[in-house]
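Peer 1: Sharing a structure with you now.
Chains as they are written, first to last, in our numbering: chain E, 1 to 327; chain P, 328 to 654.
Dropping the structure here:
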């Protein structure tokens with residue numbers, strides 16, 4: 001068992017290597033083991049590319065008799081690439097160890113019916129956490145939604161509506177770019193676009209620019225706004241949020257970062273369309289003549305996942321607890 | 328030098344042993360060293376009791392020729408106990424190493440004129456931090472003021488005025504009692520007394536009950552309120568806050584914890600009568616129909632000193648930065 005854990009850890013480590021490039025696919029890593037030694041490693045490197053299992057097997061001259069460790073159930077279907085199960089069976093692998101089942105696949109059944117021993121549930125929690133966006137999307141048929149808000153310690157987001165306030169410091173700004181790289185779409189209201197004219201690109205990190213999704217309000221967005229700099233944007237007007245999420249899901253946008261402003265936060269919270277929160281809290285109190293983060297009426301319970309100092313600011317990562325009072 | 332640091336660390340460690348019992352006196356520890364070995368240790372154990380230097384010397388049969396390490400300049404005046412400098416000189420100690428000078432004393436001068444070698448500034452920052460309340464009180468002639476607020480992540484302190492809201496959890500409540508034990512007075516408004524009927528005693532910790540200071544408003548406080556359970560309270564009505572702080576200082580109340588509610592917070596912040604903040608942040612958003620922490624108009628810059636998870640909540644310790652924008 002402890003040797004299973006050791007090899008699965010390596011598969012999980014490999015999976016993370018392509019963190020910013022495989023979405024909406026899950027991150028998957030694989031190792032092949034013979035006589036308690038790793039003989040090949042692989043991972044899913046980019047959307048549309050080889051799956052991790054295939055990557056590992058292809059790097060191995062003699063996989064027959066080996067044990068395959070992979071953090072997600074191998075696929076049994078023809079997608080952009082052929083089914084992984086076929087190659088696993090053909091290669092003579094005798095055992096497959098899986099961290100977490102894939103809700104969309106039946107790979108295990110196929111492997112077992114070919115006489116391969118299958119073990120599941122090794123480091124399952126870590127595997128669930130690694131691909132939490134993927135699993136939630138499978139279950140809810142909508143993108144994983146992260147709400148990011150820079151707030152003062154008294155819960156304000158700006159001095160006044162329409163007036164831009166930089167609350168947080170340099171480190172928070174870098175982190176905000178990393179967050180963008182971890183999502184396939186960034187969503188904000190046209191009010192924020194008009195007041196801040198944000199670039200919304202991924203500047204400080206490697207990673208693809210996410211789709212810029214703008215919820216348009218009454219006022220037109222100037223044509224020379226930075227968000228129009230290339231075709232990678234989507235303007236949505238007067239659409240129900242649940243419908244919009246459905247559309248994004250069907251367009252393979254499986255994770256979005258909601259960046260505000262206050263009205264947008266409110267709409268998402270009202271529809272319970274928030275999975276996790278990132279608060280970047282600035283070390284100041286803005287006082288009463290400021291714009292509240294919370295314009296909604298109900299109490300909203302959260303669970304703090306982590307907190308850390310980020311330069312002068314604090315970063316708080318929390319999870320929505322819709323079920324406890326508001327579910 | 329490194330041996331100075333080692334012995335001074337021990338003096339500082341000893342100083343903290345009586346943390347909750349010496350106020351308004353500073354916390355002081357002392358060690359006597361001969362041939363690089365500690366031959367006696369002492370600390371100031373309670374208000375009115377022996378000073379640390381005296382405590383150490385009294386435990387030593389032959390202090391002559393020793394070096395004394397003490398985190399605060401020895402006193403040269405007759406207070407509740409005789410001047411420490413006299414005993415140091417009489418005992419034949421040849422060197423005194425001091426972390427931080429005492430703004431109210433001239434002990435160093437007296438020691439040097441008796442031919443004793445004096446070194447200062449060893450672990451001065453740590454010594455300043457340990458007795459920060461004492462040093463600020465010496466300088467400003469008013470108590471050290473800590474504002475403690477339990478807030479939601481959107482900066483609210485309660486659902487509605489007059490309605491009690493328990494925001495934070497068990498661990499925060501224990502910590503709040505510890506905080507009380509670290510201050511000589513607890514101050515709150517009669518509104519909070521009337522709505523919460525708080526006990527304000529130090530329940531979970533050893534330590535003396537602090538003075539209960541109530542700022543009275545329009546409404547009378549019921550006679551059976553818990554704050555009236557013994558004589559250890561002070562009701563203040565219609566008095567200027569600066570005057571009240573002056574009075575408390577003169578009554579030897581040199582540290583107070585301001586516990587709210589919103590109007591009281593506002594008054595202290597308006598008068599710049601806050602030195603440090605403790606925010607206990609609950610993992611929830613209370614929404615717009617709630618009472619704001621910040622009812623004041625100006626922006627208020629802080630510096631985050633530390634943050635940590637406290638059960639389900641977050642504890643944030645911050646320092647007022649009055650000088651940067653609002654000084």
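By construction, the Cβ of each residue, glycine as well, lies at the ideal position given by its N, Cα and C atoms.
From the beta carbon of residue 326/E, is the nearest beta carbon of chain P less than 8 angstroms away?
Peer 2: Note on residue 326/E: pLDDT 39, under 50, position unreliable in the model; the coordinate value appears next. Not closer than 8 angstroms to any Cβ of chain P, the Cβ of residue 326/E fails to qualify, so no.
Peer 1: Based on the DSSP output, what are the partners of residue 634/P in its beta bridges?
Peer 2: 643/P.
Peer 1: For the segment 613-635 of chain P, which residues have a CB atom closer than 9 angstroms to at least one CB atom of chain E, in sequence order?
Peer 2: Listed by position along the chain: 613, 614, 615, 616, 617, 619, 620, 621, 622, 623, 624, 625, 626, 627, 628, 629, 630, 631, 633, 634 and 635.
Peer 1: Quick one: what's got a C-beta closer than 7 angstroms to residue 630/P's C-beta in the same chain, skipping five residues either side?
Peer 2: Hits under 7 angstroms: 645, 646 and 648.
Peer 1: Output yes or no for whether 8 angstroms exceeds the beta carbon distance between residue 153/E and residue 496/P.
Peer 2: Contact flag unset, no.
Peer 1: Got a sec, what are the start and stop residues for the alpha helix (DSSP H) residue 369/P sits in?
Peer 2: Element bounds for residue 369/P: not the alpha helix (DSSP H) but the beta strand (DSSP E), 364-370.
Peer 1: Anything in chain E within Cβ reach of residue 601/P, meaning under 7 angstroms, just list it in chain order.
Peer 2: Those within 7 angstroms of residue 601/P in chain E number zero; the least Cβ separation is about 10 angstroms.
Peer 1: Specify whether the segment 543-559 of chain P and the segment 577-589 of chain P touch according to this definition: at least 3 beta carbon pairs, one from each stretch, less than 8 angstroms apart.
Peer 2: Segments in contact, no.
Peer 1: Per the DSSP calculation, residue 394/P is bridged to which residue(s)?
Peer 2: Per DSSP, 360/P and 422/P.
Peer 1: Please work out which residues of its chain come closer than 6 angstroms, Cβ to Cβ, to residue 449/P, disregarding the five sequence neighbours upstream and downstream, and give them in chain order.
Peer 2: Same-chain partners within the cutoff: 331, 335, 424 and 426.
Peer 1: When the Cα atoms are used, what is the spatial distance from residue 288/E to residue 410/P?
Peer 2: Whole-angstrom Cα-Cα distance: 52 angstroms.
Peer 1: State the DSSP-derived secondary structure class of residue 189/E, mapped to helix, strand or coil.
Peer 2: Reduced to three states, the DSSP call for residue 189/E is strand.
Peer 1: Can you tell me whether residue 85/E is buried or exposed, with buried defined as 16 or more other CB within 10 angstroms of its CB?
Peer 2: Buried.
Peer 1: For residue 294/E, does the three-state DSSP call read helix, strand or coil?
Peer 2: Looking at residue 294/E - three-state DSSP - the assignment turns out to be coil, as it is neither helix nor strand.
Peer 1: Just how far apart, CA to CA, sit residue 72/E and residue 101/E?
Peer 2: Answer to the nearest angstrom: the Cα atoms are 6 angstroms apart.
Peer 1: What did DSSP end up calling residue 21/E once you bin it into helix, strand or coil?
Peer 2: It is coil, neither helix nor strand.
Peer 1: Within the segment 224-297 of chain E, note down every full beta strand (DSSP E) run reaching 3 residues or more, in order along the chain.
Peer 2: With a minimum length of 3 residues, the continuous beta strand (DSSP E) runs that stay inside the segment 224-297 of chain E are 233-237, 255-258 and 276-282.
Peer 1: Does any residue of chain E have a CB that is nearer than 8 angstroms to the CB of residue 482/P?
Peer 2: Taking Cβ atoms only, chain E reaches closer than 8 angstroms to residue 482/P, which makes this a yes.
Peer 1: Tell me residue 445/P's beta-bridge partners as DSSP assigns them.
Peer 2: DSSP output for residue 445/P lists 423/P as bridge partner(s).
Peer 1: Looking at the secondary structure, which residues open and close the beta strand (DSSP E) in which residue 471/P lies?
Peer 2: Where residue 471/P is concerned, the enclosing beta strand (DSSP E) stretches over 471-479.
Peer 1: From what residue to what residue does the beta strand (DSSP E) around residue 483/P run?
Peer 2: Segment 483-485, the beta strand (DSSP E) holding residue 483/P.
Peer 1: Note the first and the last residue of the continuous alpha helix (DSSP H) segment covering residue 454/P.
Peer 2: 451-457 is the span of the alpha helix (DSSP H), which, as asked, contains residue 454/P.
Peer 1: Alpha carbon to alpha carbon, how far is residue 157/E from residue 606/P?
Peer 2: Computed Cα separation, rounded: 18 angstroms.
Peer 1: How would you call residue 650/P, buried or exposed, if buried means at least 16 neighbouring beta carbons within 10 angstroms?
Peer 2: Flag for residue 650/P reads exposed.
Peer 1: Using a Cβ distance threshold of 8 angstroms, determine whether the segment 67-81 of chain E contacts the segment 103-111 of chain E, with at least three qualifying pairs required.
Peer 2: With a cut-off of 8 angstroms, the segment 103-111 of chain E and the segment 67-81 of chain E count as touching, because enough Cβ pairs lie within range.
Peer 1: Please say whether residue 18/E and residue 53/E have beta carbons closer to each other than 8 angstroms?
Peer 2: No. Outside cutoff.
Peer 1: Please state the DSSP three-state secondary structure of residue 543/P.
Peer 2: In the structure shown, residue 543/P sits in a strand (DSSP, three-state: E or B).
Peer 1: Mind checking which residues open and close the alpha helix (DSSP H) that includes residue 323/E?
Peer 2: Neither: residue 323/E is in no alpha helix (DSSP H) and is coded neither H nor E.
Peer 1: Give the interface partners of residue 572/P over in chain E, defined as CB-CB distance under 9 angstroms, in chain order.
Peer 2: None at all; the shortest Cβ gap to chain E is about 21 angstroms.
Peer 1: Within a Cβ cutoff of 6 angstroms, which residues of the same chain sit near residue 652/P, ignoring the five residues on either side of it in sequence?
Peer 2: Note that residue 652/P has pLDDT 44, beneath the 50 cutoff, so the model's placement of it is unreliable and no number is given.
Peer 1: Apart from the five residues just before and just after residue 569/P, which ones in its own chain have a Cβ nearer than 7 angstroms to its Cβ?
Peer 2: Only 598 meet the Cβ criterion.
Peer 1: At a Cβ threshold of 8 angstroms, is residue 639/P touching chain E?
Peer 2: It does: the Cβ of residue 639/P has a partner Cβ on chain E nearer than 8 angstroms.
Peer 1: In terms of residue numbering, what span does the alpha helix (DSSP H) encompassing residue 355/P cover?
Peer 2: Segment: none, residue 355/P is in no alpha helix (DSSP H) and carries neither H nor E.
Peer 1: Could you list the residues in the segment 536-549 of chain P with a C-beta less than 7 angstroms from some C-beta on chain E, going in chain order?
Peer 2: Those would be none; no residue qualifies.
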